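Each residue of the sequence shown is one higher than the last, beginning at 1 in the UniProt record's numbering.
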Amino acid sequence: MAHGWGGVQDALTTPFYPRFLEAGFAVMTFDYHGWGESKGQPRQVIDPQCREQDIEQALSHLKAQAQIDAARIVLWGTSFGGGHAVSVGSKHPELLGIIAQVPMLDGMAAVLATPLPRLLRFGIYAGLDLLRGGKPLYIPVISAQGAFSSMDRDGAEAALHRDIERVGISYDNRVAARSLLTMGPYRPFKALANIKVPTLLIGATRDTVAPFVEKKIRAIGNPCLRLETLDANHFDPYFEPAFSVNIGHQLSFLRQLGR
1 MAHGWGGVQD ALTTPFYPRF LEAGFAVMTF DYHGWGESKG QPRQVIDPQC REQDIEQALS
61 HLKAQAQIDA ARIVLWGTSF GGGHAVSVGS KHPELLGIIA QVPMLDGMAA VLATPLPRLL
121 RFGIYAGLDL LRGGKPLYIP VISAQGAFSS MDRDGAEAAL HRDIERVGIS YDNRVAARSL
181 LTMGPYRPFK ALANIKVPTL LIGATRDTVA PFVEKKIRAI GNPCLRLETL DANHFDPYFE
241 PAFSVNIGHQ LSFLRQLGR
């Protein structure tokens, strides 16, 4: 299970994996290099290519486990990790399937959805971070609407706090400002044409964090893709009432893969 932009393995994935376990599936979660419980310096830096390498290593580790059927692995990703699942999954035709919920499939669409004054501020902080070298210049990962952070829309702060309080973990609310420069060029929807395995994409129609680029997806015309949409913002699918509909789509998809 690959989590999102500023996520760690115990935040915002916890509603999902118990349901997968109850349905008879084994689940592996992990933290990206330099985040959560994983080692690595500098801390709290986001680089999509490095994260995709982390997922590749996680897949290799999983396939090496004697109790795991390497031919029946489903790659799951959410938000920014949903984009990673698509990108990595497109290179693995041996997978049983892919699930990507509220996926970041077009970073440029997310950039264009960001107000210009905030984009300019992002650019200043990211530039300063790169120029100073050494220890990163950090900004908050999330904040209340209108406050400065890498993510303030769709109730981001309330959603994350609600979840980490539920599971009882602490959260390091920092991200290196240089990470912001990786968003625009990251456009994993282009990898959808190369996917060879059944893939479930669950988008939210009111998502302003990772806009669901449904027209671009459908234009690709890959018959392996199954699309479901929720009348929701980016974070609604992690909580009721949208969660029940969301997990229902995913469990139905997994059951079909198992036939």
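No residue lacks a Cβ here, since even glycine has one placed at the ideal position from N, Cα and C.
Being a predicted model, the structure only gives us computed values, none of them experimental.
Beta carbon of residue 261 nearer than 8 angstroms to that of A109: Beyond the ends of the chain as shown, which are 1 and 259, falls residue 261; an answer cannot be given.
Complete alpha helix (DSSP H) runs within the stretch 39 to 114 (minimum length 4 residues, chain order): 48 to 63, 80 to 89 and 107 to 112
Integer Cβ distance of V197 from L95, believed to fall under 8 angstroms: Within the sequence shown, the letter at position 197 stands for residue 197. Within the sequence shown, the letter at position 95 stands for residue 95. Indeed they touch by this definition, with Cβ atoms about 5 angstroms apart.
N222 beta carbon less than 8 angstroms from that of P195: Taking the first residue of the sequence shown as 1, we reach residue 195 at position 195. Taking the first residue of the sequence shown as 1, we reach residue 222 at position 222. The question names Pro, but residue 195 is Ile in the sequence shown. A contact, by the Cβ cut-off of 8 angstroms.
Candidates I164, Q9 and P93, of which the one nearest A70 by Cα: As a first step, residue 70 is located in the sequence shown; it is residue number 70 there, counting from the start. The residue with the shortest Cα to Cα distance from A70 is P93.
Same chain only: Cβ atoms within 6 angstroms of L62, ignoring 5 sequence neighbours per side: Position 62 of the sequence shown, counted from the first residue, corresponds to residue 62. Excluding residues within five positions, the ones whose Cβ falls inside 6 angstroms are M28 and I68.
Neighbourhood of R174 by C-beta distance below 6 angstroms, restricted to the same chain and skipping five residues each side: Locating residue 174 in the sequence shown gives position 174, where the first residue counts as 1. Only Q44 and Y138 meet the Cβ criterion.
A204, enclosing beta strand (DSSP E) - first and last residue: Stepping through the sequence shown from its first residue, residue 204 is reached at position 204. Start and end: T199 to A204.
Check whether I98 and T199 have beta carbons under 8 angstroms apart: Your numbering for residue 98 matches position 98 in the sequence shown. Your numbering for residue 199 matches position 199 in the sequence shown. Yes, the pair counts as a contact, with Cβ atoms nearer than the cut-off.
Residue of E214, V167 and Q250 minimising C-alpha distance to K106: Within the sequence shown, residue 106 is the residue found at index 106, counting from 1. Reading off the sequence shown, one finds Asp at residue 106, where the question assumed Lys. It is E214 whose Cα lies nearest to the Cα of D106.
L201 versus A191, G184, P211 and L227, residue with shortest Cα-Cα distance: As a working mapping, residue 201 is identified with position 201 in the sequence shown. When each option's Cα is compared against that of L201, the closest is L227.
Outcome for Q101 when other beta-carbon atoms lying within 10 angstroms are tallied against a minimum of 16: On the sequence shown, residue 101 is found 101 positions in, with the first residue counted as 1. Result: buried.
Contacts around A85, its chain only, beta-carbon distance under 6 angstroms, and the 5 residues preceding and following it disregarded: Locating residue 85 in the sequence shown gives position 85, counting from the first residue. For A85, the CB contacts under 6 angstroms within the same chain, skipping 5 residues up- and downstream, are A2, L75, G77, I98 and A100 in chain order.
Ordered list of alpha helix (DSSP H) runs contained in the stretch 137 to 182, each at least 4 residues: 156 to 167
Neighbour-count burial assignment, R153, 16 or more Cβ in a 10 Å radius: Mapped onto the sequence shown, residue 153 falls at position 153. R153 should be labelled buried.
Selected residue, minimal CA-CA separation from R72, among G34, Q53, P117 and G24: Within the sequence shown, numbered from 1, the residue matching residue 72 stands at position 72. Comparing Cα-Cα distances from R72 to each of G34, Q53, P117 and G24, the minimum goes to G24.
Neighbour-count burial assignment, V167, 16 or more Cβ in a 10 Å radius: Reading the sequence shown from its first residue, position 167 is the one you call residue 167. By the neighbour-count rule (16 or more Cβ atoms within 10 Å), V167 is not buried but exposed.
Validate contact between the stretch 30 to 50 and the stretch 113 to 120 using beta carbons, cut 8 angstroms, 3 pairs: No, the stretch 30 to 50 does not touch the stretch 113 to 120.
Buried or exposed by the 16-neighbour rule on C-beta atoms within 10 Å, applied to D231: Sequence index remark: in the sequence shown, residue 231 carries index 231 (1-based). The residue is exposed, with fewer than 16 neighbouring Cβ atoms inside 10 Å.
Among T13, Q65 and G81, the one whose alpha carbon lies nearest that of Q53: Within the sequence shown, numbered from 1, the residue matching residue 53 stands at position 53. Of T13, Q65 and G81, the residue nearest in Cα terms is G81.
First through last residue of the beta strand (DSSP E) which encompasses E228: The residue you call residue 228 lines up with position 228 of the sequence shown. From DSSP, the beta strand (DSSP E) with E228 extends over L225 to L230.
Contact test: S179 Cβ vs the ligand COA heavy atom, cutoff 7 angstroms: The model depicted lacks the ligand COA and carries no ligand whatsoever.
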